[in-house]
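Comments concern the structure below.
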Amino acid sequence: MAGNEQQLNTHSAYTHTHTHTHIYIMKMAWLQAKRGREEEFQTALQKLRGKEADIYQEATEIKVLI
Numbered sequence: 100m101a102g103n104e105q106q107l108n109t110h111s112a113y114t115h116t117h118t119h120t121h122i123y124i125m126k127m128a129w130l131q132a133k134r135g136r137e138e139e140f141q142t143a144l145q146k147l148r149g150k151e152a153d154i155y156q157e158a159t160e161i162k163v164l165i
């Protein structure tokens, strides 16, 4: 049982850190867009969504909301 509990704790810590990293990157993308830094905005959003992801629609929606 102790091994399973340790694995669960490790997984929970990873999930927590991973979630905060995503929130941080999204916040940075939003701030870059708000400041008019298009290249930095798209770079941060692409990093968040993945190298192969099409971010055009999401980037457009974010810019409209700002």
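First residue of the sequence shown: 100, per the working numbering; consecutive thereafter. C-beta: ideal position from N, C-alpha, C; glycine also. Owing to the predicted nature of the structure, the values given are computational and were not obtained by experimental measurement.
Asked                                                                                                        : Found
Proximity below 8 Å, CB of K67 to CB of I165                                                                 : Absent from the structure is residue 67, since the part of the chain shown begins at 100 and ends at 165.
Residue environment, A143, which counts as buried when at least 16 other CB atoms sit within 10 Å            : buried
Status (buried if at least 16 other CB within 10 Å, exposed otherwise) for A128                              : buried
Sequence-distant residues of the same chain with beta carbon closer than 8 Å to V163, five excluded per side : none
Cβ-Cβ distance between I161 and L147 below 8 Å                                                               : no
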